[in-house]
Structure formats: C-alpha cells, structure tokens
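Trainee:
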Amino acid sequence: MKIRNEYDSREAILPQRDQGKTPVMEAIGLGIDFGGLTAVDDFNLTVGRTEICGLIGPNGAGKTTVFNLLTKVYKPTRGKILLNGQDTAGMNTVQVNRAGIARTFQNIRLFKALSVLDNVLIGMHNHISYNMFTSTLRLPAYWRQEKQARERALELLSIFGMEQHAEEEAGSLPYGAQRRLEIVRALATQPRLLLLDEPAAGMNPSETAELMENIHRIRDEFQIAIMLIEHDMSLVMGICEGIAVLNFGKIIAKGTPAEISSNPVVIEAYLGKKKEG
1 MKIRNEYDSR EAILPQRDQG KTPVMEAIGL GIDFGGLTAV DDFNLTVGRT
51 EICGLIGPNG AGKTTVFNLL TKVYKPTRGK ILLNGQDTAG MNTVQVNRAG
101 IARTFQNIRL FKALSVLDNV LIGMHNHISY NMFTSTLRLP AYWRQEKQAR
151 ERALELLSIF GMEQHAEEEA GSLPYGAQRR LEIVRALATQ PRLLLLDEPA
201 AGMNPSETAE LMENIHRIRD EFQIAIMLIE HDMSLVMGIC EGIAVLNFGK
251 IIAKGTPAEI SSNPVVIEAY LGKKKEG
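Per the UniProt record's numbering, the sequence shown starts with residue 1, numbered consecutively.
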C-alpha cells in the first residue's frame, strides 16, 4: 500500500498489484443534497481492480447513501463516477449493473417465495442472449442457454456450500444463509465491483469468519474488486487493504487498517472527544 505523510481526500491508495492499471471505480468530488441538507460532500475514492476496501463510519455518516450514488439509486448533485474509466453520467441502475457494479443491501432483498436457484438465475438475466422468438418457441438455443445458466448458478452456490439448497424456497433459509444467497445473486450479474452493505450483519462469529474466507475466495477466483460497509471492525481490519472513513457525509481519513485503527480523528469520530479535566 502507498504510505502518505499527510491525509488528502483526493489521494488514491491502491494495492501494489493494482497500481498502473485503470481503477475499476473512481468517485471524484461526489456529493448529493436533499433539499437544504448535504448528505454527502466532496467524496473522492479510487478502487483498484482487485482491491478489497472498506467504507466505515458512525451510524448516519452517509455510507449507504454513497452506495446508492454509485449504483444510481440516487443521482449525484455534483461530481462524477468513473467505472473502468467510463463516466456513468446518464446511466440508470440497470445500465450501471450491466457496466459492472453489483450490490447487496442492509435489508435482505431476495425473492423469498422463489427457489434459491431461481434467485441466482434472475441475477443472470442481463447476460442471457436468446430473444423472445427463441424463448417462445423453445428453440434449441433457448434450452442450451438455460442449461448453461443452471449449471453456472449451481457453481456459484457451491462457493458458499449452498448447492444442496437449490430447490428450497429462499425465504425458508436461515438468516445467515439468506445473506450469502444475496451475495451469490450479485455475483451472477458478473460484476467488476461488488458492493457489500453490512454483509456480516446478524451473523455469529463462526459465520463471520467463513464470510471473510469467502470474500477472499471471490476476489481471487473472479479477479474483481470488493467494497464493503461493515460495523464489525474485526472483519474490516482483517480483510480490507484500504479503508475510507466517512463522518457527516465527508471522508475524514483514508489508510491501511493499521493507520486507521490508530488515527485520533477516526477514534474521536467513533468514541467522541475526550473531556479534559
């Protein structure tokens, strides 16, 4: 990692292996206002092509709002977002997903009445190429792609050891398994950048440790970048290569886990300023 003598919100901090390559995502001067309230302001962040990075901060700091901006749930008031060097201005959420950003949510958003397998297949719809004519007549091309999609979906489920639950209703799974399924469905969209919003929420320590292993596996096997919002600091410090800290909608620090954990500005943001006397 690049070491800095002085913090600069605009400075890119990338793993050595990603330096010299086009970043998978760059947020430049990003901001959004809701009426007279500024929710995010002057947000600058660069994510390397295979980086695992964290976005942390106190409750209400604006972290999920940033994810909503990156995925075009919200339209930025100012600034721009580059995905693989391409400006995403004018794109909607579907177009951004096709361009390479997928996400999970704080609150699980599965199709709970559908099977586990069908939830993953839905994530693949952007990449299925048969047309209405082919699908209506059930021509060989239709069955061939359906078979390939099913096989791929089972492969993705196997990352989390969930292939044996393929035909079960998604809503019948335990909470932790539903969170894992949401990650699998996001992977089915073939992202270049995977955004995980509190992936360890509701998980026990054993499940969290397994999640950490799987995040590393996903990065290594798919060669993608992963950016996560998380309150479990053991997970953040144990898995992230770079961390950005958000407070009141602004980045107050960037650095390695070691730098962030000892940064007095970060400590004050989380714990409050120590009273003198």
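Here a beta-carbon is modelled for each residue, glycine too, at the ideal position from N, C-alpha and C.
This structure is a prediction, so every number in the text was calculated from the model and none was measured.
On a CA-only basis, which of V24, R17, T208 is nearest M227? Give me that one, please.
Mentor: V24
Trainee: Does DSSP put F222 in a helix, a strand or coil?
Mentor: Helix at F222.
Trainee: M237 by DSSP, collapsed to three states: which one?
Mentor: Reduced to three states, the DSSP call for M237 is helix.
Trainee: So, for L121: in the same chain, excluding its five sequence neighbours on each side, which residues have a beta-carbon less than 8 Å away from its beta-carbon?
Mentor: A149, R150, A153, A188
Trainee: Compare the Cα-Cα distances from T22 to each of T50, I267, G202 and report the closest residue.
Mentor: With distances taken between Cα atoms, T22 lies closest to T50.
Trainee: Could you pull the start and end residues of the beta strand (DSSP E) that L110 belongs to?
Mentor: No beta strand (DSSP E) contains L110, which DSSP labels as neither H nor E.
Trainee: Who does S115 pair with in a DSSP beta bridge?
Mentor: Beta bridge pairing from DSSP links S115 with E169.
Trainee: Report the three-state DSSP secondary structure of T64 (helix, strand or coil).
Mentor: In the displayed model, T64 falls within a helix according to three-state DSSP.
Trainee: Cβ of A39 within 7 Å of any heavy atom in the ligand GTP?
Mentor: In the structure shown, the ligand GTP is absent, as is every other ligand, since no ligand is present at all.
Trainee: Taking the alpha carbon of F111 as the point to measure from, which residue in L235, L196, E221, L173 has its own alpha carbon closest?
Mentor: L173
Trainee: Pick helix, strand or coil for R4, following the three-state DSSP scheme.
Mentor: Residue confidence is low: R4 scores 41 on pLDDT, short of 50, so the model does not pin down where it sits. Its coordinate-derived value is still stated next. Coil at R4, not helix or strand.
Trainee: Can you give me the C-alpha to C-alpha distance between E259 and L196, rounded to a whole angstrom?
Mentor: 23 Å
Trainee: Please determine, among I52, A39, Q16, the residue with the shortest C-alpha to C-alpha distance to E213.
Mentor: I52
Trainee: Just to check my reading of the structure: Q86 and A99 have Cβ atoms closer than 8 Å, yes? What is that Cβ distance to the nearest angstrom?
Mentor: 7 Å
Trainee: Got a sec? Which residues, its chain only, sit under 7 Å from E207 by beta carbon, not counting five neighbours each side?
Mentor: G176
Trainee: According to DSSP, which residues form a beta bridge with M227?
Mentor: C53, L195
Trainee: Anyone know if the C-beta pair for V236 and I56 falls short of 8 Å?
Mentor: yes
Trainee: Tell me which same chain residues have a C-beta within less than 7 Å of the C-beta of T46, skipping the five on either side of it?
Mentor: Answer for T46: A12, L14, P23, E26, listed in chain order.
Trainee: Could you please give the first and the last residue of the uninterrupted alpha helix (DSSP H) stretch that includes G255?
Mentor: Where G255 is concerned, there is no enclosing alpha helix (DSSP H), although the beta strand (DSSP E) it sits in stretches over 250 to 255.
Trainee: Skipping 5 residues on each side, what residues in its chain have a beta carbon closer than 8 Å to that of E167?
Mentor: S115, V116, L117
Trainee: Rounded to the nearest angstrom, what separates G29 and Q164 at their Cα positions?
Mentor: Distance between the alpha carbons of G29 and Q164: 46 Å.
Trainee: Cα-Cα, which of P199, G36, G79, E155 is closest to M233?
Mentor: Nearest option by C-alpha distance: P199.
Trainee: Got a sec? Which residues, its chain only, sit under 7 Å from Q178 by beta carbon, not counting five neighbours each side?
Mentor: I108, L110, A170
Trainee: Ordered along the chain, which non-local residues of its own chain (more than five positions away) have a Cβ less than 7 Å from that of M1?
Mentor: Below a pLDDT of 50, predicted positions are generally treated as unreliable, and M1, at 42, falls in that range; no measurement from the model is reported.
Trainee: Please state the DSSP three-state secondary structure of L14.
Mentor: coil
Trainee: In terms of residues, what are the limits of the beta strand (DSSP E) holding A186?
Mentor: From DSSP, A186 is part of no beta strand (DSSP E) but of the alpha helix (DSSP H) over 175 to 187.
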